[in-house]
Amino acid sequence: KLEVLFGAPLNTIPTMLIITFPVGYYLDGWTGFAAGLCTALVTTCVYEFCHCIQHLNYKPKNRFVQKLKRDHLLHHFQNETVNYGIVSFLADELFNSYVPNAKDCPKSPTVFNLGYDLEQARRYPWVMELTGAPPRDKPPGAAQEQPSA
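For the sequence shown, this note's numbering assigns the number 28 to the initial residue and increments by one for each residue that follows.
Here it is in structure tokens:
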């Protein structure tokens, strides 16, 4: 389900309203609220679009979006403690968690299971039951043999 990976409207829209209503209304009444809500909707759409591209088997044509995707994929496939950014890595740079090059990024032993290994699965079996698969240390398909030609 994409709602798991990306924000479901029932979660994101109320959050936008909670933030934009008091700020926008305080700044300029109903017009300020409407402007704030529109800004939040557009910003969220851009964010979710970029986030979706980063998780799909798709090569963006735009160089900037290619760089965003390449850098963020280090977070998912190399080390989960770096490159949290989706549309900007400014916070990563501020908190010293930005790594622009895979060669400079140590491979994390928990990048694919986030520490939920077989021992954790015995302690918390419902997580494995909900995901429908045992914990793994490699991405799906990496452990399978390639067919010989």
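Idealized CB from N, CA, C, for every residue including glycine.
Owing to the predicted nature of the structure, the values given are computational and were not obtained by experimental measurement.
Terminal residues of the alpha helix (DSSP H) in which residue i lies
| i | result |
| --- | --- |
| THR66 | 36-82 |
| GLU146 | 145-150 |
| GLN93 | 90-104 |
| LEU141 | Counting along the chain, LEU141 falls outside any alpha helix (DSSP H), and DSSP gives it neither H nor E. |
| ASP131 | Note, ASP131: premise wrong, no alpha helix (DSSP H); not H, not E. |
| GLU120 | 117-121 |
Residue i burial status per 10 Å Cβ neighbour count (16 or more: buried)
| i | result |
| --- | --- |
| GLN93 | exposed |
| ASP98 | buried |
| CYS65 | exposed |
| LYS96 | buried |
| PHE116 | buried |
| ALA160 | exposed |
| THR42 | exposed |
| VAL126 | buried |
| ALA118 | exposed |
Inter-residue CB distance, residue i and residue j (contact presumed, cutoff 8 Å)
| i | j | result |
| --- | --- | --- |
| ALA62 | GLY51 | 6 Å |
| ILE113 | TYR74 | 6 Å |
| CYS132 | VAL109 | 6 Å |
| ASN106 | LYS86 | Actually they do not touch by this definition, with Cβ atoms about 22 Å apart. |
| THR70 | THR39 | Not confirmed; about 11 Å, so no contact. |
Problem set entry | Validate contact between the region 50-65 and the region 74-85 using beta carbons, cut 8 Å, 3 pairs | With a cut-off of 8 Å, the region 74-85 and the region 50-65 do not count as touching, because too few Cβ pairs lie within range.
For this session: Assess, as a yes-or-no matter, whether the region 129-149 is touched by the region 99-117 under the definition of 3 or more beta carbon pairs within less than 8 Å.
Result: yes
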